[in-house]
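Residue 319, in the numbering used here, is where the sequence shown stops; the numbers in between run on with no holes.
Note that CB positions come from ideal geometry on N, CA and C, so glycine has one too.
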Amino acid sequence: MLDPMSQNAVTQLLQIRYPIIQGGMVWCSGWRLASAVSNAGGLGLLGAGSMTPELLEEHILKCKAATQKPFGVNVPLIYGHAQKHIEVILKHGVNIVFTSAGNPSLFTKLLKDNGCTVVHVIANTKFALKAQDAGVDALVAEGFEAGGHNGKEETTTFCLVPQIADIAHLPVIAAGGIYDGRSWLAAEALGASGIQVGTRFAACQESSAHEHYKTAILQAQEGQTQLTLKQLTPVRMYKNALFEAVDALIQQGKSVEEIKAFMGKGRSRLGVFEGKMEEGELEMGAVSALIKQSETAGEIIESLVQTYIQAKLRLIDFA
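Shown next, in the form of structure tokens:
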């Protein structure tokens, strides 16, 4: 499709203008960001992973007041509040839920029985099939370029998306390393019907992240992020003092318990939300090396659409 407004499997499923999903990132994805993305024609997601159930309820109500367009909630299933988050979502009639970091069988049937569209984030073929069997409506295939929690296999987006598209009978949304329309078009060529963008939205003006963290994204250079903590839960982080300390522990062969004790709790809040740039966990994708300016969410959507059209026209001219 040349026109990004043309209906495809993802736009039809989610009832959105463009097949562009904003990642539901912890400490970044509040109601301001989600509503701005939805108003611009994409799908905004509230990041429930950094919210109490009460705070999620507040953000849902504010998001409903700020947009008449579809929006959803991302629920990381490994967190203790997941059950309560689902209850809040159902209470307020949010009908799009992205689940991640856990077993999709936990809540998919409940959500589907209550009229929700369910999309699950996966990083390998095993969990893609498991999510499909659980009854989800679509899959986010997230390569290890992505920021935050990730797959141990370190499968890149360019390798993962066609694998998932070949084995799954569901719409596939590509995530990890998605920056502009060139990335979007490449993902489409590999079999994806849509894209999920994280780090670029994390740095945008409506993101609830701390300005110090946003500045770190804008100033990041090639090679300044790396997947680490594979002994616990793999996560792609910016290489700050915390990263170096963790890497040293890993190189010394420290046990999982020792690494857990060192990390403690709340490291991502310290870094992303409070702006503690050396002791905080700065989750960001490898695509940060491409992000050089502060933008609004609407400007990002417009840029994605225009660069998609330009990339497609270049290929048509070449042919």
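Would you tell me roughly how many angstroms separate the C-alpha atoms of residue 1 and residue 165, rounded to the nearest one?
-> Caution is warranted here: a pLDDT of 48 is assigned to residue 1, below 50, making its placement in the model unreliable, and the coordinate value is therefore given only provisionally. Going from the Cα of residue 1 to the Cα of residue 165 covers about 18 Å.
Counting only runs of 4+ residues fully inside the stretch 67-103, write out the alpha helix (DSSP H) ranges in chain order.
-> 82-91
Bridge-paired residues (DSSP) for residue 298 = According to DSSP, which records beta bridges pairwise, residue 298 is partnered with nothing at all.
Could you tell me the boundaries of the alpha helix (DSSP H) in which residue 181 lies?
-> 181-189
What is the DSSP secondary structure of residue 307, counted as helix, strand or coil?
-> helix
Roughly how many angstroms lie between the CA atoms of residue 312 and residue 186, to the nearest whole one?
-> 10 Å
Sort out for me which residues DSSP pairs residue 194 with in a bridge.
-> 173
How close, in whole Å, do the beta carbons of residue 97 and residue 122 come, if the pair is a contact with beta carbons under 8 Å?
-> That belief does not hold up - the Cβ atoms of residue 97 and residue 122 are roughly 15 Å apart, past 8 Å.
Residues near residue 88 by beta carbon distance below 6 Å, same chain, minus five either side | 53, 56, 57
How close, in whole Å, do the beta carbons of residue 31 and residue 69 come, if the pair is a contact with beta carbons under 8 Å?
-> Wrong, their Cβ atoms sit about 13 Å apart, outside the cutoff.
Continuous alpha helix (DSSP H) assignments of at least 4 residues falling wholly in the stretch 101-173 = 108-113, 125-134, 157-167
Which of the three DSSP states, helix, strand or coil, is assigned to residue 222?
-> coil
Specify whether the stretch 17-29 and the stretch 200-209 touch according to this definition: at least 3 beta carbon pairs, one from each stretch, less than 8 Å apart.
-> yes
Residue burial classification, residue 276 (beta-carbon count within 10 angstroms, cutoff 16) = buried
Do you know offhand how far residue 292's Cα is from residue 137's?
-> 35 Å
Just the Cα atoms here: how many angstroms apart are residue 205 and residue 184?
-> 22 Å
Tell me the start and end of each unbroken alpha helix (DSSP H) in the stretch 236-294 that is at least 4 residues and wholly inside, in chain order.
-> 241-251, 256-263
Got a sec? Which residues, its chain only, sit under 6 Å from residue 229 by beta carbon, not counting five neighbours each side?
-> 235
Residue 44 bridges to which residues according to DSSP?
-> 71
Can you tell me where the beta strand (DSSP E) with residue 22 in it begins and where it stops?
-> 20-22
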